[in-house]
Structures are given as C-alpha cells and as structure tokens.
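Residue numbers (the numbering used here): -9 to 382.
Every residue, glycine too, gets a C-beta built ideally from N, C-alpha and C.
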C-alpha cells in the first residue's frame, strides 16, 4: 500500500498542516503556497522518499466535495453488518466531514510511516480510509469494511461546531420554527437536543414542483403495491403483469427512479428488497398530505392507512385527474413538518445507537420514511430520490 485517505471534520484545516509538521520534526516539510498540499521529504544517503498530503476542502469546491461524500455514504450504507450501531455513527460522521487529505507515498507505506499517519489522525480526530475498503478510527482500529466487520463496539462522532449549521443560512423563520417544534416535542414527551441545527428557512427554501410531487407519489404507490403483493403471495409474474397494467393506465413508465426500475425488471427480487419497497407507502402518505389529499399528518406512532392511501390514487383513475385534484400545501406547512420529522428522527437514532426504547411512542420505521419524503420535498442537499440523505 502506498496511499490512503484521511477524512476530518474541522473548522481550520491549518491544524492538519500543523499536525503534519509536529509528527515529522526531523523531516523536511514543505507546504505549497496555494495551501493545497504538504510534502514530507526524508533524505538519506542512498536516495530519498516523499509522503504527499493533498488537500480537498469543502469550502474550496462544495459541489465536488458533496459528490464525494454522497459516494462514500452510499458505499458504507449498503454494507450488511451485525455492527449497526457503529455503522450508524460512521454514516453520521461522513455527513459531517469537510476535509479530505489524500496521502500518497513514493514508496510502500511501512509500519513507521503508517503510525505517523495515525498520529496525525489522532491529533485532528480524523478517520482513515484504506484502498482495501477498510475505514479505521483515529486509533487504527477497524470501524467497518466491505464484509461488515468491525473491531469496535462504539464510535464517538466528531463534528466541528463551526460547521454544524454550514449548509443552512441562518433565518428568523428557521429559528422560530425550531422553537415551536421543540415546544411541541416537550408536550409530546419526545427527547430532543437544543443544538440540533435549524433547517432551511422560508427565505431560501425551494419546494418540489406540483408535477414532481404528483409523479413521485404515483411511482411510490405503485412500487409499494407491487412489492407488498410479491411479499405476500410470492407470485412475481402475476404481480408484474398487474402493476404494468396500472403503470400504463397512469402513464407512469417514466416516473420511476433507476433503483425502482431495476426492482421492477428483476426476475427474482429478494424478500428484503420487497419489504423495503413496501415501506414506500409511508413516503407516499407524506406526499398525499403535501398534495392536499390528507388534512393532516398524524403523529408517527403507527403505519399509515394503506387501504385509504391506495384508494386515493385508484379513485382518481388516471394521471390527469390525480394531478388536477391536488393542491400543493404552502412552503411554510411543508417546512414545519420537515423540521419536526428531523427532530423526531434524531430521537429515534439516539435511542437506537444507545440501545434504548424510543420515548414518546414514535415508530422508527415510519419516522425514517417520512424523513426521506420530506427531505426530498424541500430539496435537502439537492438529492434525488435514490440518494436522499436523512442527517440527524
């Protein structure tokens, strides 16, 4: 191995440069004038070796950094593991990263050099990713690999306090919404933390268009009907023939995402995939509310009324009628629910990673799927459906 990557959540990347210098006091350390790299040179009688640290900072290239984080998040999110607590915290850590340091050695990285890399990681509370797909903590212990293995029972997420609210411009509407929802959480007996950030305010939020919401709602309903049918009776060919007829009826062939289309075309979908897609009823439920087909979004303590949800679309009979009868709720109403579900989901995640029962009667699965739908509605991180992030 002659390369690895250090990932950090830190406000001042100069602290990483300082850590490099302190770790190699007897080597020649040169920082590039543009601040993009640091090179450590070890000169010996019969040659020299170099260790280059190449910086990629979120503030310098936000779009590229976001795409990198999405890729890393997706990579670890799909790993099946018995260490769910560690995985959950690693995913949270990934969302908080803002500096990546590519480390490239001119020769094989030996034990001494790797120990130096870990010393830097420890100094800045970073994590280290190896070419083998192993993610290590600052002590060099395996957090998670592609086989789902881990050497730790828990992991402490490190987030620079100066970056907690960096994705959202402070706004009066956001702060007021947060305060109202915290008061509601207190009344409902749901745990919360005061420093969980605000979400985007009315001033900056851009809600999905009516056409987007209608098409997504139809796709979610149909994919859930298809998945639930297979999960219940196992007749794949019969269910596919049925759902393709409904897709044609609503002109919905182009409404599905890449992942959804793969599922529809899979001749032998797994039971796990079917169960997961059946949960899309909960996302569809949120969109029915957003489209005015439901008067209110109930407290997420139990699964939605599936029969009613299906009947809403069935009774419309076609795309145009479903579209025409829909009245998209106001930006403020949607943001109210997006902020509230964000705080509900924090309570669920906190309970899960600490092996506690969720207080207040929340149903974690319902909360998670509502969070997915609401984050999509408010264009959180500009994610499309297959890649919606649900940060807590």
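Contact check for residue 264 against residue 250 fails: the beta carbons are separated by 9 Å or more. Judged by DSSP in its simplified three-state form, residue 328 adopts helix. DSSP places residue 125 in the strand class (E or B) of the three-state scheme. The three-state secondary structure of residue 135, taken from DSSP, is coil.
Within the same chain, and ignoring the five residues on either side of residue 213 in sequence, the residues whose Cβ sits closer than 6 Å to its Cβ are 250, 267 and 270.
The shortest C-alpha to C-alpha distance from residue 230 to any of 253, 21, 294 and 208 is the one to 253. With a cutoff of 9 Å on beta-carbon distance, residue 206 and residue 366 are scored as near each other. For residue -9, no beta strand (DSSP E) run applies, since DSSP gives it neither H nor E. When secondary structure is reduced to three states using DSSP, residue -3 falls in the strand class. For residue 297, the three-state secondary structure derived from DSSP is helix. Spatial neighbours of residue 70 in its own chain (CB-CB distance under 6 Å, excluding positions within 5 residues in sequence) are listed in chain order as 138.
For residue 301 and residue 245, the gap between their C-alpha atoms comes out near 20 Å. Contact between residue 287 and residue 211 is absent: CB atoms are separated by about 17 Å, not below the 8 Å threshold. The beta carbon of residue 373 lies closer than 8 Å to those of 60, 365, 366 and 379 in the same chain, with the five residues before and after it left out.
Here DSSP, grouped into helix, strand and coil, assigns residue 163 to helix.
About 4 Å separates the beta carbons of residue 128 and residue 111, which is inside the 8 Å limit, making them a contact pair.
For the pair residue 275 and residue 327, the CB atoms are not nearer than the 9 Å cut-off. By the neighbour-count definition (other C-beta atoms within 10 Å, threshold 16), residue 322 is an exposed residue.
Burial is judged here by how many other beta carbons sit within 10 angstroms of a residue's own beta carbon; residue 290 has at least 16 and is buried. With contact defined as three or more Cβ pairs closer than 8 Å, the region 141 to 148 and the region 81 to 99 are in contact. Judged by DSSP in its simplified three-state form, residue 16 adopts coil rather than helix or strand.
A straight line joining the alpha-carbon of residue 369 with that of residue 52 spans about 16 Å. In the displayed model, residue 284 falls within coil according to three-state DSSP, outside both helix and strand.
Taking all protein chains shown into account, residue 189 has 16 or more neighbouring C-beta atoms within 10 Å of its C-beta and is therefore buried. For residue 32, the uninterrupted beta strand (DSSP E) segment begins and ends at 27 to 34. Cβ contact annotation for residue -8 (same chain, cutoff 8 Å, sequence separation greater than five): 94, 95, 96, 97, 98 and 99, in chain order. Between residue 42 and residue 30, the CB-CB gap stays under 9 Å. 9 Å or more divides the Cβ of residue 66 from the Cβ of residue 88. Under DSSP, residue 183 shares a beta bridge with no residue.
Its chain contains 45 as the residues whose beta carbon lies nearer than 6 Å to that of residue 26, once the 5 sequence neighbours on both sides are disregarded; these appear in chain order.
A straight line joining the alpha-carbon of residue 201 with that of residue 355 spans about 27 Å.
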